[in-house]
Ligand code: HAM
């Protein structure tokens, strides 16, 4: 029996791999206009990093991490998200001593042991942005504007931006206490198993549980907004004012809590109606205590990540790049000459292909299928007379051209599309 891939780990062929390339190049173009540079972090980190940043009580740390000892018994974990690794890299490189604000983006695979379904994989990919060093609400708005700029550049159809403020170290504990009081007075037996656990460990997470019974039981729960301190109220008012000014529409969602523990103040998620149950295509927020929590200086930050598999599901399909020019060559000598000509064309930036075996008829069928605009035909007769037949595949016309001039004629014919990186 052949060896199969691991459940939740997929190979990626075109058109998905083409969509990934387009996403990455669009991300680089858009993010660089906002001053972001690319950082690449390792896939493996010490387990402790994720426990300290994402939070011991989160689903990610409790049940979704790929954690194992290395050969010396040290606990390592395949990164379930990028933020923690970026914070570690930021601290290790002491970036706070070199620049007041760091803007870093990263892309690549993440790993979470979740139940695979459409849009949910065990190895999935994120495009992740972190802006570290500024507490300003202008940065919150700028990051959200950038995210929407990026997503809108990919033509993904209708998207909804959900927005919330999670309060800060001053006002959230007061709210947590009020929420815990409320939860103590409901019939806890009716909550799902996860929420019964979260009631004590992480009461805020009960609010965004998707189980209908939990939703109904917490319908009248106190709202975080009623408990926000004046600083949080004014911070959030600036963010929403700027988004309105920039015509970015959003929905306020006071139950948007997010699954990772490091968030404070502005949090957001982008959802799409077009991809089924796993509708969240991007999420993020402010995390002012995080850098300190993982052993660095007390600097604030904000960021987001997009799920690339989910974006790919929404992207319009781009057909594969077709050949410009196709060489039909029959006989070993003719094939050698054709091999040399297409090599030169490729160096000149032209997409050139050559018949793969078979006689004249079979190769002409391959030329038709390739979608090439021009076809070069080279048989023994042409070789003997030092020419080749150049056939226009759109109108069927053909002409004989001298072999030694063929390269130049073809280069001229495609000069408008050639990359010319000779
Ligand atoms: P997250 O909400 O856990 O946030 O993930 C961000 C996005 O990754 C989700 O909206 C979703 O599109 C995608 N995603 C998550 N899990 C899976 C999966 N199993 N399969 C496919 N796609 C998935 C974070 O990871 C934060 N680190 C974002 C952030 C950056 N916050 C601040 N900076």
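Residue numbers (the working numbering): 325 to 746. Backbone N, C-alpha and C fix where the C-beta goes; we use that ideal spot for every residue, glycine too.
_Neighbour-count burial assignment, residue 698, 16 or more Cβ in a 10 Å radius_ = buried
*Just tell me which of 431, 526, 484 and 567 has its CA closest to the CA of residue 503.*
526
*Within the same chain, show all residues whose beta-carbon is closer than 8 Å to that of residue 695, passing over the 5 residues directly before and after it, in chain order.*
Result list for residue 695: 646 and 647, in chain order.
_What I want to know is whether the C-beta of residue 318 ends up closer than 7 Å to one or more non-hydrogen atoms of ligand 1._
Given a span of 325 to 746 for the chain in the structure shown, any question on residue 318 remains unanswerable.
*Within 10 angstroms of its Cβ, does residue 471 collect 16 or more other Cβ (buried), or is it exposed?*
Buried is the call here.
*How should residue 715 be labelled, buried or exposed, when 16 other C-beta atoms within 10 angstroms of its C-beta is the threshold for buried?*
buried
*What is the DSSP secondary structure of residue 450, reduced to helix, strand or coil?*
strand
*Three-way DSSP call (helix, strand, coil) for residue 648 in this model*: coil
_Looking at ligand 1, does it come within less than 7 Å of residue 710, judged from the CB to the closest heavy atom?_
Placement of the Cβ of residue 710 at a distance of 7 Å or more from every heavy atom of ligand 1 is found.
*Can you name, in chain order, every residue of its own chain whose Cβ lies under 8 Å from the Cβ of residue 746, other than the five neighbours on each side?*
At residue 746, the pLDDT of 39 sits below 50, so the modelled position is not reliable; the number obtained from the coordinates is stated separately. Excluding residues within five positions, the ones whose Cβ falls inside 8 Å are 671, 672 and 673.
*Which residue from 701, 738 and 449 puts its Cα closest to that of residue 725?*
701
*Have a look at residue 547 and residue 487 and give me their C-alpha separation to the nearest angstrom.*
14 Å
_Pop quiz: residue 665 and residue 651 are said to be a contact at Cβ under 8 Å. What is the actual Cβ separation, rounded to whole angstroms?_
So it is a contact: roughly 6 Å between Cβ atoms.
_6 Å Cβ shell around residue 728 - same chain, five flanking residues per side excluded_ = none
*Hey, could you find the ends of the beta strand (DSSP E) residue 484 is sitting in?*
From DSSP, the beta strand (DSSP E) with residue 484 extends over 483-489.
*Pull up the distance between the alpha-carbon of residue 689 and that of residue 654, whole angstroms please.*
Approximately 14 Å between the Cα atoms of the pair.
*When the Cα atoms are used, what is the spatial distance from residue 554 to residue 496?*
12 Å
*Return helix, strand or coil for residue 456, following the three-state DSSP convention.*
Here DSSP, grouped into helix, strand and coil, assigns residue 456 to strand.
*On the three-state DSSP scale, how would you describe residue 414?*
helix
*Are residue 410 and residue 365 close, meaning C-beta to C-beta below 8 Å?*
yes
_Can you look up residue 547 in the DSSP assignment and give me helix, strand or coil?_
Three-state DSSP puts residue 547 in coil, outside helix and strand.
_Span of the alpha helix (DSSP H), counted from its first residue to its last, around residue 476_ = 461-477
*By a C-beta neighbour count over all protein chains shown, 10 Å radius and 16 as the cutoff for buried, is residue 509 buried or exposed?*
exposed
*Flag this pair as yes or no: are the beta carbons of residue 627 and residue 455 separated by less than 8 Å?*
yes
*Going straight from the alpha carbon of residue 339 to that of residue 605, what length do you get?*
Approximately 19 Å between the Cα atoms of the pair.
*Identify every run of the beta strand (DSSP E) within the region 360-447, keeping only runs that are complete inside it and at least 3 residues long; order them along the chain.*
368-370, 390-393, 399-402 and 426-435
*Three-state secondary structure (DSSP) at residue 604?*
strand
*Ignoring anything shorter than 3 residues or poking outside the region 539-596, list the beta strand (DSSP E) runs there in chain order.*
588-596
*Mind checking whether the beta-carbon of residue 406 lies closer than 7 Å to any heavy atom of ligand 1?*
yes
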